[in-house]
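All remarks here apply to the structure that follows.
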């Protein structure tokens, strides 16, 4: 007990003025929707799938982006990410621009564009998803040593590489529609998806 | 529209610039000095240097009536420079901050100036006759991070501040004996020092880089690192604002903005050219760029020799080296300032940026 190594104490944590104690929740706007759970997200997923089956790709994407669990827990966010990626994969390349212009137009269009951009970056950052977007694997937690092993880039073989190319295609089209401002807002916005 | 006046001063970034009221003197912050340029004909030539700061100068402002220059720097100091028979004489201002000073502006009354800092305080400084020095009082309470930008309300009491905690705030800097009691407005009625008259956060929460009050002082605009401009119309003291309008753009972020009348905003930043926004309480939109780029590259296209062309093709696989931007500024614009106005309507404004240019634009 008396053998505390004072050199290893992180003094920044003890200083209320320190930047490591910055209240991140102060960056969330008051307009944040109520927190959703994973079962809510699953409910939305089935609604979206219904729309997709009925051939209304634009409506499916619009509904998925409008119901993004911005205040939800990690599990809800993962389920919803899978839903959005499923919709994106279900739209043919020739249709992309038409769907995007529909979704990103009208009232609330720019919010939907920003939201879609967040999903594209999250999708590209997510670890390889093996077979199908239905069951996203848990994010690999850092090693207890504090070092993380370098993961192979997920542009390789199989489903994950295909998913990456779909996302990159969407990214290209979305930048055409919503501009670089949308990318900048993905970085600043604390309402993560 | 007259073509803009371009002054390429040097190949260093300009952190801030300020013109004297008769426009004969231009002060620019370059590295750890402030350089004074005098206008001779249509050109500006270097005449004086204000040396004293030890680190990068972050702000410079010339008081229009008294002619005093205030500068602040990352060395945590501010100086007030006065012209004497033997040259410019600096007076050190005790800011009592332990981080860099980031931004400085005189109040419209010229009795005070405000310095933003990384120490999460705004130092409001005023001159005390008895002791013959500048005193600073700190605005501290709700600020959670570095102050990046400041703007004064026309009544010289209210101060708008933008911060890296993504909030734009309106605070009272009322100092007894220096200020006259301000008229009650939508921002507040009684305004003792450090009254918080408004605290605004937009949805996408970027660092705030530019704030500005409208000419009447009854609206506030701020822009940040989320590529958006937000305009706030206050309703009454301690009430939520009448309207808070967020205009997201498809551009790179803006760094600075000014109002032109009550229904127009001019903003510039990382896209290297100024843009115009128009609107009122019911809505705002980006109407487009101010720069007229029809003359391709503004006369910078040189006759390329055949040798040069084939060398380019050989080296880079391209026929033309197009490292030149189409805009007048060749890099990020840091500061937009009003150059000439009558009753809040701007006729000319000036911009300066990382490319070492100061440009005067005519609307």
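Residue numbers (our numbering), protein chains in the order written: chain L, 384 to 576; chain X, 742 to 1104. We put the beta carbon where it would ideally sit given N, CA and C, even for glycine. Everything numeric in this text was worked out from a predicted model, so none of it was measured.
- Three-pair Cβ contact test at 8 Å for the region 389-396 of chain L versus the region 886-905 of chain X: no
- With a cut-off of 7 Å, does the C-beta of residue 879 (chain X) fall near any C-beta of chain L? Here residue 879 (chain X) is taken as the residue at index 138 of the second chain, counted from 1. By this cut-off, residue 879 (chain X) is not an interface position.
- Counterpart residues of residue 984 (chain X) in DSSP-defined beta bridges: For the purposes of this step, residue 984 (chain X) is taken as the residue at position 243 of the second chain. X:974.
- Task: Go ahead and label residue 446 (chain L) buried or exposed: buried means 16 or more other beta carbons lie within 10 angstroms of its beta carbon, across all protein chains shown.
- Result: What you label residue 446 (chain L) is simply residue 63 of the first chain in a count that begins at 1. Buried, by the Cβ-count rule.
- Query: Apart from the five residues just before and just after residue 421 (chain L), which ones in its own chain have a Cβ nearer than 6 Å to its Cβ?
  - Reply: The count along the first chain starts at 1 and reaches residue 421 (chain L) at position 38. Same-chain partners within the cutoff: 458, 459 and 462.
- Query: So which residues of chain L does residue 906 (chain X) contact, with C-beta pairs closer than 7 Å?
  - Reply: Taking the first residue of the second chain as 1, we reach residue 906 (chain X) at position 165. Neighbours of residue 906 (chain X) on chain L, chain order: 409.
- Item | CB contact flag (residue 794 (chain X), residue 1098 (chain X), <7 Å) | Sequence index remark: in the second chain, residue 794 (chain X) carries index 53 (1-based). Sequence index remark: in the second chain, residue 1098 (chain X) carries index 357 (1-based). No, the Cβ-Cβ distance between residue 794 (chain X) and residue 1098 (chain X) is not below 7 Å.
- Query: Among X:879, X:872, X:948 and X:925, which residue has its Cα nearest to the Cα of residue 906 (chain X)?
  - Reply: In the second chain, counting from the first residue as 1, residue 906 (chain X) sits at position 165. For residue 906 (chain X), the nearest C-alpha among the options comes from X:948.
- Count the other CB atoms, across all protein chains shown, that sit within 10 Å of the CB of residue 969 (chain X); report buried if there are 16 or more and exposed otherwise. Along the second chain, read from residue 1 onward, the residue named residue 969 (chain X) stands at position 228. Buried, because 16 or more other Cβ atoms sit within 10 Å of the Cβ of residue 969 (chain X).
- Item | 7 Å Cβ cutoff met for residue 974 (chain X) and residue 981 (chain X) | Translated into the one-based positions of the second chain, residue 974 (chain X) becomes position 233. Translated into the one-based positions of the second chain, residue 981 (chain X) becomes position 240. For residue 974 (chain X) and residue 981 (chain X), no; Cβs fall outside 7 Å.
- Message: For a contact defined as C-beta to C-beta under 7 Å, what are the partners of residue 895 (chain X) on chain B?
- Response: Note that chain B does not occur in the displayed structure, where the protein chains are L and X.
- Between the CA atoms of residue 887 (chain X) and residue 389 (chain L) - distance to the nearest angstrom: The count along the first chain starts at 1 and reaches residue 389 (chain L) at position 6. The count along the second chain starts at 1 and reaches residue 887 (chain X) at position 146. Using only the alpha carbons, I get a separation of about 30 Å.
- Item | Within chain X, the residues that residue 561 (chain L) reaches when beta carbons sit closer than 7 Å | If you number the first chain from 1, residue 561 (chain L) lands on position 178. By Cβ distance, chain X contributes 991.
- Item | Unbroken stretches of the beta strand (DSSP E), 3 residues or longer, contained in the region 754-814 of chain X | 758-760, 766-771, 774-781, 784-791, 798-803 and 810-814
- Task: Report all residues from its chain with a CB closer than 7 Å to the CB of residue 521 (chain L); omit the five preceding and five following residues, and keep chain order.
- Result: On the first chain, position 138 is the one that residue 521 (chain L) refers to. Low confidence applies here, because residue 521 (chain L) scores a pLDDT of 44, under 50, leaving its location unreliable; read the following figure in that light. None.
- Proximity of residue 799 (chain X) and residue 832 (chain X) at Cβ, strictly below 7 Å: Here residue 799 (chain X) corresponds to residue number 58 of the second chain, with the count starting at 1. Here residue 832 (chain X) corresponds to residue number 91 of the second chain, with the count starting at 1. Result no, Cβ atoms of residue 799 (chain X) and residue 832 (chain X) do not sit closer than 7 Å.
- Message: Between which two residues does the beta strand (DSSP E) holding residue 892 (chain X) run?
- Response: Indexing the second chain from 1 puts residue 892 (chain X) at position 151. Where residue 892 (chain X) is concerned, the enclosing beta strand (DSSP E) stretches over 888-893.
- How many angstroms separate the CA atom of residue 953 (chain X) from the CA atom of residue 483 (chain L)? As a position in the second chain, residue 953 (chain X) is number 212, starting the count at 1. As a position in the first chain, residue 483 (chain L) is number 100, starting the count at 1. Near 35 Å, if we compare the C-alpha coordinates of residue 483 (chain L) and residue 953 (chain X).
- Query: Taking the Cβ atom as the reference point for each residue, do residue 987 (chain X) and residue 964 (chain X) lie within a distance shorter than 7 Å?
  - Reply: In the second chain, residue 987 (chain X) corresponds to position 246, counting from 1. In the second chain, residue 964 (chain X) corresponds to position 223, counting from 1. The answer is no: Cβ separation not under 7 Å.
- Is any beta-carbon of chain X found at less than 7 Å from that of residue 571 (chain L)? Looking up residue 571 (chain L) in the first chain gives position 188. Yes, residue 571 (chain L) lies at the interface with chain X (some Cβ there is under 7 Å from its Cβ).
- Can a CB atom of chain X be found closer than 7 Å to the CB of residue 432 (chain L)? Position 49 of the first chain, counting from 1, holds the residue named residue 432 (chain L). False, the Cβ-Cβ gap to chain X never drops below 7 Å.
- Tell me, please, whether the CB atom of residue 493 (chain L) is closer than 7 Å to any CB atom in chain X? Position 110 of the first chain holds residue 493 (chain L). For residue 493 (chain L), the answer is yes, since a Cβ of chain X falls inside 7 Å of its Cβ.
- Message: Which of the three DSSP states is assigned to residue 1075 (chain X) in this structure?
- Response: Counting from 1 along the second chain, the entry for residue 1075 (chain X) is found at position 334. Three-state result, residue 1075 (chain X): strand.
- Are three or more beta carbon pairs between the region 919-931 of chain X and the region 992-1001 of chain X nearer than 8 Å? no
- Message: Is the separation between the beta-carbon of residue 813 (chain X) and that of residue 769 (chain X) shorter than 7 Å?
- Response: If you number the second chain from 1, residue 813 (chain X) lands on position 72. If you number the second chain from 1, residue 769 (chain X) lands on position 28. Against a cut-off of 7 Å, the Cβ pair of residue 769 (chain X) and residue 813 (chain X) comes out as no contact.
- Under a CB-based cut-off of 7 Å, is residue 412 (chain L) close to chain X? Taking the first residue of the first chain as 1, we reach residue 412 (chain L) at position 29. By this cut-off, residue 412 (chain L) is an interface position.
- Could you say which of L:552, L:479, L:418 and L:485 lies nearest to residue 574 (chain L) if we only look at CA atoms? Start at 1 with the first residue of the first chain, and residue 574 (chain L) comes out as number 191. With distances taken between Cα atoms, residue 574 (chain L) lies closest to L:418.
- Stretch pair the region 485-492 of chain L + the region 762-781 of chain X: three plus CB contacts closer than 8 Å: no
- Message: the ligand SAH and residue 1056 (chain X): does the residue's C-beta get closer than 6 Å to at least one heavy atom of that ligand?
- Response: Summarising the ligand content, the structure contains no ligands, and the ligand SAH is consequently not present.
- Message: Strictly under 7 Å for the Cβ-Cβ distance: is residue 1095 (chain X) near chain L by that measure?
- Response: In the second chain, counting from the first residue as 1, residue 1095 (chain X) sits at position 354. Residue 1095 (chain X) does not count as touching chain L.
- Is the CB-CB distance between residue 502 (chain L) and residue 467 (chain L) below 7 Å? Within the first chain, numbered from 1, the residue matching residue 502 (chain L) stands at position 119. Within the first chain, numbered from 1, the residue matching residue 467 (chain L) stands at position 84. Yes. Within cutoff.
- Message: Between which residues of its own chain and residue 1032 (chain X) is the CB-CB distance below 7 Å, once the five residues before and five after are set aside?
- Response: Position 291 of the second chain, counted from the start, is the residue given in the question as residue 1032 (chain X). Counting only Cβ-Cβ distances below 7 Å, and skipping sequence neighbours, we find 1014, 1015, 1068 and 1069.
- Task: Express the C-alpha separation of residue 941 (chain X) and residue 851 (chain X) in angstroms, rounding to a whole number.
- Result: Looking up residue 851 (chain X) in the second chain gives position 110. Looking up residue 941 (chain X) in the second chain gives position 200. The straight-line gap from Cα to Cα measures roughly 27 Å.
- Query: Is residue 1086 (chain X) closer than 7 Å to residue 1079 (chain X) when the C-beta atoms are compared?
  - Reply: Within the second chain, residue 1079 (chain X) is the residue found at index 338, counting from 1. Within the second chain, residue 1086 (chain X) is the residue found at index 345, counting from 1. Their beta carbons are not under 7 Å apart, which means residue 1079 (chain X) does not touch residue 1086 (chain X) by this criterion.
- Over the uninterrupted alpha helix (DSSP H) stretch that includes residue 484 (chain L), give me the two end residues. Reading the first chain from its first residue, position 101 is the one you call residue 484 (chain L). From DSSP, the alpha helix (DSSP H) with residue 484 (chain L) extends over 479-486.
- Item | First through last residue of the beta strand (DSSP E) which encompasses residue 1105 (chain X) | Missing from the structure shown is residue 1105 (chain X); chain X here goes from 742 to 1104 and no further.
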